[in-house]
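As structure tokens, the structure follows; a few thoughts come after it.
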Ligand SMILES: [Zn+2]
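Numbering (this note's numbering), first residue to last: 323 to 479.
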């Protein structure tokens with residue numbers, strides 16, 4: 323069973339109700355959204371007002387789909403899990419070991435929110451989807467709220 327919870331203006335979060343209550347997905351989405359709004363203050367209103375559907379569940383991966391022929395509004399899919407995998411790019415300062423890093427389901431959720439919301443900003447600004455920017459935002463979020471994870475990251479290889 324899925325249910326829509328806590329519409330934030332035009333933003334709708336859709337998930338399995340057990341997952342939603344366990345992870346407090348609406349509350350944590352709001353925290354991630356506020357972090358992104360601080361990072362892109364000039365787009366604060368646009369991010370909150372543009373229609374967006376956020377689906378949380380047992381996906382293979384988290385991903386972002388902008389507006390297209392089959393989807394009139396952007397969709398964020400968030401995979402619930404405990405494995406954190408950061409992109410390995412020379413221009414990011416840190417990344418996860420090759421097999422990924424086991425983190426709490428909460429940290430995994432927050433990093434996925436930050437990553438996919440960054441793609442949403444890129445879409446709203448009409449920019450190319452950069453994985454350097456998404457990854458650096460995840461790293462900066464972790465530095466601020468979960469420094470214990472930062473110490474387990476490695477240099478890009
Ligand atoms: Zn990405």
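From the three backbone atoms N, C-alpha and C, an ideal C-beta is built for every residue, glycine too.
Taking buried to mean at least 16 other C-beta atoms within 10 Å of its own C-beta, is residue i buried or exposed?
i	result
residue 328	Because residue 328 sits at a pLDDT of 49, beneath the cut-off of 50, its placement in the model cannot be relied upon, and the following sentence gives the value as read from the coordinates. Label assigned to residue 328: exposed.
residue 440	buried
residue 373	exposed
residue 459	buried
residue 438	buried
residue 339	exposed
residue 382	exposed
residue 451	exposed
Would residue i pass as a contact of residue j if the rule is Cβ separation under 8 Å?
i	j	result
residue 433	residue 416	no
residue 431	residue 334	no
residue 414	residue 478	yes
residue 427	residue 388	no
residue 411	residue 453	yes
How is the beta strand (DSSP E) around residue i delimited, first residue to last?
i	result
residue 382	Per DSSP, residue 382 belongs to no beta strand (DSSP E) and is neither H nor E.
residue 338	333–338
Following the continuous alpha helix (DSSP H) through residue i, name the residue where it begins and the one where it ends.
i	result
residue 369	366–371
residue 472	469–472
residue 476	Run containing residue 476: none; DSSP gives neither H nor E here.
- Message: For a minimum of 4 consecutive residues, which ranges assigned as the alpha helix (DSSP H) are wholly contained in the region 386–458?
- Response: Runs found: 427–446.
- Would you be able to state if there are at least three C-beta pairs under 8 Å between the region 392–404 and the region 472–479? With a cut-off of 8 Å, the region 392–404 and the region 472–479 do not count as touching, because too few Cβ pairs lie within range.
- Query: Is it a yes or a no for the region 439–457 touching the region 365–381, going by three-plus beta-carbon pairs under 8 Å?
  - Reply: Contact between the region 439–457 and the region 365–381 is established, with three or more Cβ pairs separated by less than 8 Å.
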